[in-house]
Every structure is written in structure tokens, then in C-alpha cells.
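Some notes on the structure that comes next.
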Amino acid sequence: MTSDVASLPIAEAAERRGLRWPRIRLHMFLILCAVLWLAPVVWTLYTSLRPYSATAEHGYVSIGGPFNFENYSKAWQQADMLHFFLNSLLITVPALVITLFFASCVAFVVTKLSWRFNVVLLIVFVAANLLPQQVILTPLYRMYLEIPLPTWLSENGKMYDSFVGLIAIHVAFQVGFCTFVLSNYMKTIPSTLNDAARVDGAGVARQFFGIILPLCRPALAALATLEFTWIYNDFLWAVVLIQSGDKRPITSALAQLQGQFFTDYNLLAAGAMLAALPTLIVFALLQRHFISGLTLGASKG
Amino acid sequence: MATEIAAAGRVARAKQRATRLTARDRVAVGFMVGIPLVFVVGLVWLPTLASVYLSFTSWDGIGGLDTINWVGTTNYDQIFSIYPPFWPALRHNLIWLAFLAVLPTTFGLLLAYLLDKNIRGTRAYQSVFFLPVVLSLAVVGFIWQLVYAPEQGLINNVLGTTEQGNLIDWLGNPKINLWAVLVAAAWRHAGYIMILYLAGLKSVDPALREAAAIDGASEWYAFRTVVFPALRPINIVVLVVTVIEALRAFDIVYIINRGRNGLELLSVLVTDNIIGEASRVGYGSALAVILLVIALVPIITFIAHEFREQWS
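Going down the list, the sequences are from chains Z and S. Take any residue in the first sequence, note its place counting from 1, add 395, and you have its number in this note's numbering. Take any residue in the second sequence, note its place counting from 1, add 44, and you have its number in this note's numbering.
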């Protein structure tokens, strides 16, 4: 702490004295990198805002308007993007809520209640999250064709090609990561809190819902941001486990829209920007939560 | 010393707790662990075991389970000897891994190191490099298609290589498209690594760095001897993340050309055996098991690293 305070004035004074030039060089390097980093996104945005006629006349790499949202409204209507966004919402939100709830339950049991298989249990959950998805793909696909669901949940009466099936695999796959992060987080909450409640006669459920879960709010917020992005961004599960084109979430629907509706690069750019919009909003508003979710997973509690 | 005390305390508490759980609490705990366990075991671990079993069989996937034939290692023999896309796919996965591990990982570390100094605008820089991380690999694939497009793309127009004679087909030419895609993948990976290292650098004791600076150590020397060794726990996480990302790589090549013509990957071969025309369950499973065997290396490394102390 003391060295922290001491080092700041030294660094500043050093910067004011002879060390200016290295700092300027550093900034020049970083600015160059930042420009290169932004170029693909800016290029996509730029293309998406120019109507096809403008790029046909001047070429794609050119200056000159007009600029408008024509491509966006065209992509939105032609490709029926609202429908795919709703699919994404109907898949992502339940998957997210169930994942976080399950993960909190398991993390609570392995950190706050002691039983013999704590570590083994945690490993079963965490390792599952680390597998490449393709390892389980073939049997999972066959299973999904066999497992029956009531027709009000799935029109064809199977897990395959249903939202429920997609939500289930997201939960199964993501719960490991969240359990890992939450158990690290719960370890930092003193056990005396729920021990005291137990002495007062609170059952496990009361200790969990009443005491530990509310204290995990920061970790849950971070995980919710992260998991929202990951589940929303999923491509593989939807491509393999959903057959009907109209049941696809937006990220995987893009591939099929590419040939059908996005006939020129301007429309393609607008479609890509639209599909990225929810994650860009997360980036703009919740970046801090996203980052803390990632780093909670990387550093041990 | 401290850990021994903690361990002793834990044992004591464990005994206390074991006796205190009422019947109702046991039911609650059963549900809290049981239902998530059903999901993870049923949808992840059971299919993993099934993959291993099916890889030694032949099955067309249409007939009932009784039409599954045990064929021993035939699938593996065929994959290694006469299945044309296997070796290219494996090689591409290994190149993917080596590339990610060397370039974007080092670059992410460099960015983190530079941005960790007290420089002006560090937040803004971080946001820029972090931006691609929130984008899906599918959208990344789209964005880079616009950048790499032969006649209308950004790069060829900047380089002036849009004419018939000198046109560079970045994504279509099987000699270069893997590298073009890797640049796109690196674009996303570097930001991820930067964030992990930034968190790691925060935990490096500033007094150590200060001491090295006072001793007159050069920056590079101080980094090598003081900072980098202190980042060891993060290095392991970064390594695991990188290996797993390389094995999972799929979306971006699938968006670009369905993983053909120079972009074959193990993950694509497995997927093609399911949703492609040739549905050969045993074959696809054997490919999946090869992927699993490779993946076990980082998984076991990570588990051993994270849970070593907790075994006691």
C-alpha cells in the first residue's frame, strides 16, 4: 500500500522530467494498434451505412455518401430479423437464469456445507465446461432424437429441434464455469454468517436464499453478463441441434441468411452489425461486469 | 502452518456439520446438487462415454441400438490411413494452437504490460482491444469476410491488389486462407488474453518492481526476472484457455466456407459426420475421441493446478 502511494508521484515526476519521449513513443504505438484493431469494425459499420448504389458508383473503398439506415431496414424486414432475435431471447434468458441458479446451489453446497465428495463434485462440473463441444456432439445428437418431450414444449415431440433441448445443453455446459467462479467467490464469504443462522435454527434453504445468495450479487451480475454474451453468441449447438430454419437463434441464422437475403456486402454488413448489437450494448454498458466475470474465473479465490 | 490450522478447523467443522443436517436439509441438499448433476452427467459425461464406446463400433445411426456392431479399432485405423481430410485437419488444429499461443498471446501480454503502467487513457485503449471479445465468432467471420473480400474488400483495396492479374483471394486460396482466418481469430484472442494478464499484473507486488527499478535493472530484465515469474498462475490459465480455444475452433471457418478447401479442422470433421451427408456415427465418434484425448492434456493440467491444495 505504502509503495503504491509512493510510486505514483515518482512515476509522474519522472514523466515530467526526461522520460517524456518514451511515453510519447508508447502512445504512438498504442494508437497505431488501436486504429488497426478498430479498422474491421469501423469498415463494417461504414459499409453498412452506405446504400448499395453509392458503393456501386464509387467502389467500396471510397468516400462519398449518401449515408443512411436503408440497409438496416432492408435487412431487418427481408430477413425477418425480429423473429430470430425473439428466438435468441427465448433461448438465452431461460438458459442464463437456470445456469446461474444451478451453479449457485452447487457452489453453496461445496463451499458452505461439508461432505466427503466436495472436490470431486466440483471437478465433475468444472471439467465438463472445458471439453470441446464436438466430443459429445454425436451421441448428444442421437440422444436428442430419442428423448421424448410433450408436444406443448416441442412440436415434433422430441428434444431435437426444440428450444428446450437447446436451453438444456447450454445449462449443462455452462453450469461448470459458473459453479467454479461462484465457489471461489463464496469461499471469500465468512462461514460464520451462515453458521450463525444455523445456530438460530435456519435450514439449508434459508441459509442459501436468505444469506449467501444475496451476498453473491456482484459475482452473479458479472456471470450474467458473461453468460448472456456466450449463450447469445453460440453458433454450434444451434446449427446441430435445431433443424427448422425458423427456430434458429440470430447468431446461427446469419449463416443461412447470408445466401438467401444478404445479397450484397452492404446488406451483409448491416445484418452482421444488427446481430452484434446486443453484445455491443453489453460491451458499452456492462464492460466492467464482463471483465470481472472473466477475471473471477481466472484468479483463484 | 496457516493451512494446517485451516485444515484442522475444516475437519472439526465438517464433523460438526455432518451431525447437524436435519432430514429436511438432506432433502434440500439432494435437490440442490442432484438436479444440476443430472444435467451435467446426463448431457455431458454420458455422451462423452458414449463417444468413446461408439468409436469402436460401426452404426449408421438409423437402425436401433441393436444394430451397433463392435469393430474394434477399425475406425481409428481408417482415419489414420485412408481418410484424406484427417491429417490436414489435425495439422490445421496444431497450427491454430501454435499461432494463438505465440502471436496473440504474446501480444495480449505486451498490451497488458503497457496498459498496466500509469498511462493516460488506459481505459480507452483497453476498451478498444477488448471490443472483439464480446463479438461472436460467427460475426467475426462476417466482419473479416468484408475485410478480405477479393475485389471489394478493405485489404486488397489498400494494397492495390484488386486487378485480375494480382488479385489476392485471401479466403479462397487454400495456401493462405488458414493464415487469413488465424489473423481474424487472433484479433479476438489477444483482447481476451490482455484482460486475463491485466488482472494478473494487478496482483504483482509493486514493491518488487520498485526494487528492481532502484537496482538499475533494465525494463526487460525486470520483466523477465520479477514480473513474468509472478504471473505464473495466470500463465497456466492462459495456456489452458488457448489450447481449448484452438481445439474448439469451428464457427469462424464454418461461416467462411464450411471448413473446406484449406480450412479443415477436427471439429468440422466431427460435425460433418452428423449433419453432413455421410452420417457415420462410429467414424465421427472416433474423431471426437481423438479430440478428447488432446483436450485432456489442458483439462488435467488445469484441474491439477486449481484443486491440488483442496485434496487434503
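Note that CB positions come from ideal geometry on N, CA and C, so glycine has one too.
C-beta contact flag for residue i and residue j at 7 Å
i	j	result
S:T101	Z:V530	no
Z:V559	Z:L548	yes
Z:S443	Z:Y627	no
Z:S693	S:L240	Rather than Ser, the amino acid found at residue 693 of chain Z in this sequence is Ala. Yes; because the gap between Cβ atoms is below 7 Å, this pair is in contact.
Z:T574	Z:A502	yes
S:P129	S:L313	yes
Z:A470	Z:L675	no
S:D160	S:L245	yes
S:L215	S:A229	no
S:N137	S:L242	no
S:V284	S:P342	yes
S:L73	Z:V599	The sequence shown places Val at residue 73 of chain S, not Leu. In contact: S:V73 and Z:V599 (Cβ atoms closer than 7 Å).
Z:F520	S:V337	no
S:L222	S:G303	no
S:F267	Z:L631	no
S:L181	S:I296	yes
S:P176	S:G116	no
Pick from the options that is closest to residue i, judged by C-alpha positions
i	options	result
S:V82	Z:A563, Z:P446, Z:F603, Z:A664	Z:A563
Z:L615	Z:P527, Z:N466, Z:L689	Z:L689
S:I106	Z:L681, Z:S687, Z:Y536, Z:V570	Z:Y536
Z:R683	S:V225, S:W103, S:V178	S:V178
S:I344	S:A293, S:R292, S:V281	S:V281
Z:N589	Z:Y660, Z:Q653, Z:F496, Z:L610	Z:L610
Z:A591	Z:Y455, Z:I607, Z:F480	Z:I607
Z:A490	Z:F685, Z:Q569, Z:L544	Z:Q569
Z:A633	Z:L561, Z:A523, Z:V594, Z:M581	Z:L561
Z:F464	Z:I458, Z:Q472, Z:S457	Z:Q472
S:W231	S:T269, S:I212, S:L134, S:V172	S:V172
S:I112	S:L98, S:Q122, S:G152, S:H349	S:L98
Z:S647	Z:Q602, Z:S586, Z:F480, Z:F572	Z:F480
S:L291	S:T269, S:A339, S:G260	S:A339
Z:F572	Z:F497, Z:I486, Z:P446	Z:F497
Z:I493	Z:V504, Z:V594, Z:A619	Z:A619
S:G185	Z:Q638, Z:F462, Z:P435, Z:F678	Z:P435
S:I319	Z:M668, Z:T583, Z:I637, Z:F657	Z:I637
Z:T587	Z:T506, Z:L525, Z:L516	Z:T506
Z:L577	Z:A617, Z:I458, Z:Y441	Z:A617
Z:M668	S:A256, S:W103, S:V183	S:V183
S:N217	S:D121, S:W89, S:Y192	S:Y192
Assigned exposure category for residue i - 16 Cβ within 10 Å defines buried
i	result
S:R324	buried
S:K219	exposed
Z:M423	exposed
Z:P534	buried
Z:K553	buried
Z:Y539	buried
Z:R415	exposed
Z:P419	The residue asked about is misnamed: residue 419 of chain Z is Ile in this sequence, not Pro. Exposed, by the Cβ-count rule.
S:Q208	exposed
Z:I426	exposed
S:H233	buried
S:V77	buried
Z:D641	exposed
Z:Q655	exposed
S:A348	exposed
S:R352	exposed
Z:S499	buried
Z:F657	buried
Near the ligand ZN: residue i beta-carbon under 6 Å from a heavy atom
i	result
Z:Y455	Among the ligands in the structure shown, none appear at all, so the ligand ZN cannot be discussed.
For residue i, the first and last residue of its enclosing alpha helix (DSSP H)
i	result
Z:T674	660-693
S:A293	That residue, S:A293, is in no alpha helix (DSSP H); it is neither H nor E in DSSP.
S:G107	No alpha helix (DSSP H) holds S:G107; DSSP gives it neither H nor E.
S:Q366	The structure shown has nothing for residue 366 of chain S, since chain S only spans 45 to 356.
S:I239	221-246
S:Q196	Segment: none, S:Q196 is in no alpha helix (DSSP H) and carries neither H nor E.
S:T315	310-319
Z:A498	476-507
S:Q170	166-178
Z:Q651	645-655
S:G326	325-351
Z:S443	415-444
S:S262	Where S:S262 is concerned, there is no enclosing alpha helix (DSSP H), given that its DSSP letter is neither H nor E.
Z:E452	447-453
Quick one: complete alpha helix (DSSP H) runs, 4+ long, within the region 578-632 of chain Z?
Correct list: 587-594, 612-628.
Ignoring anything shorter than 4 residues, give me the alpha helix (DSSP H) runs that lie fully in the region 510-562 of chain Z, in order along the chain.
As far as the region 510-562 of chain Z is concerned, its whole alpha helix (DSSP H) runs of at least 4 residues are 513-525, 529-541.
Tell me the start and end of each unbroken alpha helix (DSSP H) in the region 73-147 of chain S that is at least 4 residues and wholly inside, in chain order.
Annotation: the region 73-147 of chain S contains the following complete segments of the alpha helix (DSSP H) (minimum length 4 residues), in chain order: 90-98, 118-126.
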